[in-house]
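Protein chains in written order, with this note's numbering: chain A, 1 to 504; chain B, 1 to 170; chain C, 1 to 335.
What follows is the structure, given as structure tokens:
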């Protein structure tokens with residue numbers, strides 16, 4: 001290596017990047033905004049600002065992109081918690097417990113929990129990524145299609161958990177979602193399936209319209225029955241909330257540091273696998289968190305751990321997706337792919353040569369991530385108090401805003417009017433589902449994870465010439481299968497063990 | 001996520017509403033299978049795996065509801081809604097406004113449609129109180145949206161007279 | 001589901017939301033007798049903004065606009081492997097030489113061979129090729145295969161899995177042709193996109209992969225190229241100095257290019273031959289303009305792949321793709 005990489009190097013690098021706060025802080029604010037707007041993401045914001053990024057010095061450009069990437073992840077959690085609008089697939093599991101908290105008037109606490117678990121999760125995984133990068137980069141060599149099928153099934157098994165109250169209706173919702181998720185050209189021969197003649201559905205159901213339709217639009221239709229997102233007694237909660245609520249959120253999260261740690265690790269590992277992503281990670285983390293919880297039935301009602309798990313996990317993904325780019329030269333996700341374009345444009349190598357030729361950039365990227373998370377603790381956390389007031393806005397104003405906002409958000413990623421209509425259609429499906437006792441989250445899990453499962457499944461089957469035994473052909477895969485069976489059986493087992501203590 | 005409990009407090013459960021989703025799912029599944037019937041196996045795997053489970057589950061569900069009907073513990077009765085008239089009309093009015101929003105946005109442009117939608121729905125939801133204030137608010141919010149999405153992010157939202165005018169003026 | 005209402009509003013109507021309004025506004029301001037071009041020219045790009053086509057288009061239009069004295073306005077309509085963009089262009093835009101399509105003659109024409117679009121494919125033609133980028137055979141840096149011979153030897157023992165971005169792609173055709181030539185059957189596994197194809201090779205999930213060379217060059221040391229589907233390896237050591245298929249195996253396969261080109265409605269060319277002539281002439285001038293090379297290099301393009309072509313070259317390539325697509329139709333469609 002051209003430069004000694006030792007502790008002094010890292011300390012120098014840390015302060016050097018800290019000195020770039022003037023790039024990081026504005027990027028954090030921009031990231032928060034674009035993260036909070038459905039349909040926008042770090043990736044498409046960077047594309048919009050690409051001409052600007054090309055003009056920046058490469059180091060500044062990278063720091064800018066990293067800060068935007070991390071903070072947009074955090075930003076996406078805000079509307080997911082407060083108004084049930086997950087703006088990206090990575091935040092799709094956040095409202096499961098975040099929004100019920102907000103509805104109880106605990107929005108400020110929920111935001112605080114989400115921020116702190118994101119930040120701790122982000123910091124931990126970034127440090128871990130820095131230390132074990134070469135090792136983690138190997139994960140992609142072992143997690144192939146077969147293994148990913150099982151990982152998907154971890155996430156999909158959530159359908160059964162969220163539907164625990166009425167299993168049959170939950171399964172109908174979940175499998176209906178999987179069926180909707182199967183719309184689109186098949187991954188091998190590109191045969192259009194279930195597209196109703198719409199070319200816009202050839203690439204599958206676009207995620208943002210499904211997300212905002214099922215969660216937010218249906219909610220906007222429902223809440224006008226009452227004057228506010230909150231019930232009267234809960235309005236009091238928000239009114240009375242002071243800084244203590246934020247601090248309480250911090251305390252709650254710190255007390256569950258262990259929980260934050262292992263769910264963020266799930267995110268890191270899944271993030272490292274090229275092509276996987278935040279949506280899978282947050283659902284799997286949520287599912288794992290629930291499986292090993294002592295109070296699984298509290299999930300979905302505003303349970304702290306149910307909020308910590310997806311938020312810690314999707315921030316773990318952030319560090320994870322950069323590892324294959326940095327170490328192997330293959331981008332792990334959309335944002336990483338654009339970063340690669342920028343790096344190439346600036347003549348910076350990606351892959352192994354990066355750490356040999358420009359270690360200050362290679363490690364600098366992760367250091368920038370670390371610094372961003374640290375700076376976010378000071379800039380974003382205090383905002384939770386003001387942000388949570390959003391839940392107080394009367395539905396007279398809130399519902400129209402949610403509708404317009406989410407319809408635009410559905411339009412943005414592909415700029416097709418069709419996607420607005422689709423969001424509305426999903427809104428109606430969600431509305432009917434809620435009114436008649438079906439779980440919209442179960443539908444959504446199907447829509448999001450179904451296509452991914454199918455893609456891996458078809459790849460594995462195509463590789464084995466259609467032999468289904470391929471699913472059990474790898475030792476790591478078989479270990480994962482066993483783990484899956486255990487996590488499915490474990491809750492019932494734990495419940496039975498605890499049963500004698502509680503009176504029937 | 002809080003679900004609405006569909007069953008009224010009366011003893012007999014009305015199952016009409018609960019059937020909408022399974023029947024839609026059933027219809028869609030048959031349609032889906034129809035689109036892949038002549039396709040290579042790769043296009044069919046999912047339809048048959050997911051589809052067969054879905055059909056089985058729906059089958060079980062329907063049987064259970066028929067049993068409930070036969071036993072008399074449930075009823076099948078189509079009512080428009082149990083909600084009081086005012087709220088009901090507000091809700092369907094709001095959904096109607098949303099549909100209108102989608103229908104006219106292409107012809108008159110994003111900003112004007114958004115302003116009209118805000119004004120109309122706020123009036124509807126607030127029983128027509130303070131129309132002038134709401135109009136001002138609606139225009140303001142639509143202009144903010146214009147500023148963010150069309151000016152700021154250069155989103156290719158449908159453009160109409162207002163956008164053309166603003167583009168010239170700015 | 002309430003899809004019926006949406007279905008009535010046909011795709012074409014929904015697809016190009018703004019296209020219509022933009023056109024309506026601009027049509028009024030252009031009487032037939034005005035000198036062409038008296039307004040901006042729309043360029044429909046059937047891929048995502050921010051991708052390779054976007055950057056290339058910026059470079060070309062930054063120079064071409066000076067020769068044609070008008071600006072180019074790109075509109076991105078990605079989806080269904082390019083189908084959406086073409087359907088929008090053919091269905092929504094007037095054939096008046098004020099709109100062009102900037103497509104990829106390789107994979108997009110192969111699409112038509114697999115499944116015909118809603119319009120007649122002879123209703124548009126390509127008139128200006130910008131670049132040609134050949135397909136290559138490559139492996140991950142840690143692969144045990146060091147040469148194309150290693151692959152063929154192993155391929156005779158077992159059916160190798162070949163990752164490709166999608167079946168209807170020139171690189172896929174290339175490897176099928178190679179298999180036919182050497183008597184080896186390869187199992188093509190589509191991985192949905194270049195990024196995932198590179199990942200498939202690097203992580204060794206696939207035995208080897210085929211892809212357009214640009215993405216492989218971009219992956220740098222992570223990949224090793226073993227064979228190029230072109231008449232010459234123009235990229236040299238950037239593609240591991242790999243041999244070309246025709247040189248190495250003595251075949252006469254046409255180059256398996258991803259070739260970006262401007263296309264136009266045939267009706268526009270028929271109705272306005274003078275406009276067509278002007279477009280062709282100014283495009284050629286722009287491509288020969290030293291400023292273009294500068295712009296191209298500035299956009300980090302790989303200059304040896306810049307490759308001007310006129311109507312004849314484009315037509316020849318389009319027909320070759322249609323012919324190959326027809327020949328391998330059963331493998332590409334699974335039927």
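Note that the Cβ used here is the ideal one computed from N, Cα and C, for glycine as well.
Item                                                                                                                  : Value
Minimum C-alpha distance to residue 285/C - residue among 271/C, 305/C, 303/C and 310/C                               : 310/C
Amino acids of chain B, ordered along the chain, whose beta-carbon sits closer than 9 Å to that of residue 457/A      : 45, 46 and 49
Residue 300/C versus residue 129/B: straight-line alpha-carbon distance, rounded                                      : 60 Å
Closest by C-alpha distance to residue 324/A, when choosing among 132/A, 295/A and 202/A                              : 132/A
Beta-carbon neighbours of residue 203/A, restricted to chain C and to distances below 8 Å                             : 79 and 80
Own chain residues within Cβ distance below 6 Å of residue 289/C, not counting five before or after                   : 63
Cα-Cα separation between residue 451/A and residue 214/C, rounded to whole angstroms                                  : 28 Å
Proximity of residue 351/A and residue 104/A at Cβ, strictly below 8 Å                                                : no
Cutoff 7 Å; reference residue 552/A; Cβ partners in own chain excluding five residues on either side                  : In the structure as shown, chain A starts at 1 and stops at 504, and residue 552/A therefore has no counterpart that could be examined.
DSSP-derived helix/strand/coil call for residue 225/C                                                                 : strand
Alpha carbon of residue 245/A to alpha carbon of residue 111/A, nearest angstrom                                      : 10 Å
Under 9 Å by beta carbon: chain B residues contacting residue 335/C                                                   : 38, 39 and 40
8 Å Cβ cutoff, residue 28/A in contact with chain B                                                                   : no
Coil, strand or helix - residue 73/A by DSSP                                                                          : helix
Local conformation of residue 332/C per DSSP, three classes                                                           : helix
Other residues of its chain near residue 27/A: CB distance less than 6 Å, five sequence neighbours each side excluded : 64, 67 and 68
C-alpha distance - residue 343/A paired with residue 227/C, whole-angstrom precision                                  : 27 Å
Best match in 19/A, 373/A and 101/A for proximity to residue 84/A [C-alpha to C-alpha]                                : 101/A
Residue 41/C - partner residues in DSSP beta bridges                                                                  : 72/C
Below-8 Å beta-carbon distance, residue 412/A vs any chain B residue                                                  : yes
Cβ contact check for the segment 363-374 of chain A and the segment 39-52 of chain A: 3 or more pairs under 8 Å       : no
Segments of 3+ residues assigned as beta strand (DSSP E) that fall wholly inside the segment 91-156 of chain A        : none
Residue 188/A, DSSP secondary structure in three states                                                               : coil
Sequence-distant residues of the same chain with beta carbon closer than 7 Å to residue 35/A, five excluded per side  : 71, 72, 73, 74, 75, 76 and 87
Interface partners of residue 87/C on chain A, CB under 7 Å                                                           : 199
Segments assigned alpha helix (DSSP H), at least 4 residues, entirely inside the segment 207-271 of chain A           : 207-211, 218-223, 232-240 and 243-255
Proximal chain A residues relative to residue 166/C, where beta-carbon distance stays under 8 Å                       : 190
Residue environment, residue 40/A, which counts as buried when at least 16 other CB atoms sit within 10 Å             : buried
Chain-ordered residues of the segment 60-77 of chain C with a beta carbon less than 7 Å from chain A                  : none
Helix, strand or coil at residue 101/B according to DSSP, with G and I counted as helix                               : helix
Residue span of the beta strand (DSSP E) that contains residue 161/C, given as start and end                          : 160-164
8 Å Cβ cut-off: residues of chain C touching residue 145/A                                                            : 205
Burial state of residue 8/A (16 or more Cβ within 10 Å)                                                               : exposed
Residue span of the beta strand (DSSP E) that contains residue 132/C, given as start and end                          : 124-140
Paired residues, beta bridge with residue 13/B - DSSP                                                                 : 74/B
Sheet register partners of residue 129/B (DSSP bridge)                                                                : Beta-bridge pairing links residue 129/B to no other residue.
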